[in-house]
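Undergrad:
Residue numbers (our numbering): 977 to 1099.
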């Protein structure tokens, strides 16, 4: 997958670590950040003060920004990935391309939701 080089690098770095890597990868961390952002966003109806609303909003937005980092990482990895000469390598490159397109569409859709939420709150 497109994350394979990063996962291999992490495994190599944590091989001698006494704590190990615990199976944690960057993909999981970004997924957890987006999930937490969504869950924290569900707290908005229970915020009765402006201060509480601003704190929850700040936490949610910071967690949400990890999706932009993820898109950037995948873009850089795809640009450095060879297109491949064998059928398997070409399929791997195609999977990486589709993966980048999917996360880009998710990024655009979620950004649209966030922007529309702020427009509704301001209006």
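All residues carry an ideal CB built from backbone N, CA and C; glycine is no exception.
Which term fits residue 1091, buried or exposed, when burial requires 16 or more other beta carbons within 10 angstroms of its beta carbon?
TA: The residue given as residue 1091 occupies position 115 in the chain shown. Looking at its Cβ environment, which holds fewer than 16 other Cβ atoms inside 10 Å, residue 1091 is exposed.
Undergrad: Secondary structure at residue 1066, three-state DSSP: helix, strand or coil?
TA: Along the chain shown, one-based indexing puts residue 1066 at 90. Note: residue 1066 maps to helix in three-state DSSP.
Undergrad: Between the beta-carbon of residue 1015 and the beta-carbon of residue 1044, is there less than 8 Å?
TA: For the purposes of this step, residue 1015 is taken as residue 39 along the chain shown, with counting starting at 1. For the purposes of this step, residue 1044 is taken as residue 68 along the chain shown, with counting starting at 1. No; because the gap between Cβ atoms is not below 8 Å, this pair is not in contact.
Undergrad: Using the Cα positions of residue 1047 and residue 1099, report the straight-line distance between them to the nearest angstrom.
TA: Numbered from 1 along the chain shown, position 71 holds the residue referred to as residue 1047. Numbered from 1 along the chain shown, position 123 holds the residue referred to as residue 1099. Roughly 31 Å separates the two Cα atoms.
Undergrad: Select from 1013, 1078, 1052, 1026 the residue whose C-alpha is nearest the C-alpha of residue 1097.
TA: Looking up residue 1097 in the chain shown gives position 121. Among 1013, 1078, 1052, 1026, the Cα nearest to that of residue 1097 is on 1026.
Undergrad: Report yes if the CB atom of residue 1029 is closer than 8 Å to the CB atom of residue 1037, and no otherwise.
TA: Taking the chain shown and counting its residues from 1, one reaches residue 1029 at position 53. Taking the chain shown and counting its residues from 1, one reaches residue 1037 at position 61. No, Cβ-Cβ distance for residue 1029 and residue 1037 is not below 8 Å.
Undergrad: Mind checking residue 1071: buried by the 16 CB within 10 Å criterion, or exposed?
TA: Along the chain shown, one-based indexing puts residue 1071 at 95. Residue 1071 comes out exposed.
Undergrad: Check each candidate in 1040, 1066, 1058 and name the one with the smallest Cα separation from residue 1087.
TA: Here residue 1087 refers to the residue found at position 111 when the chain shown is read from its first residue. Among 1040, 1066, 1058, the Cα nearest to that of residue 1087 is on 1040.
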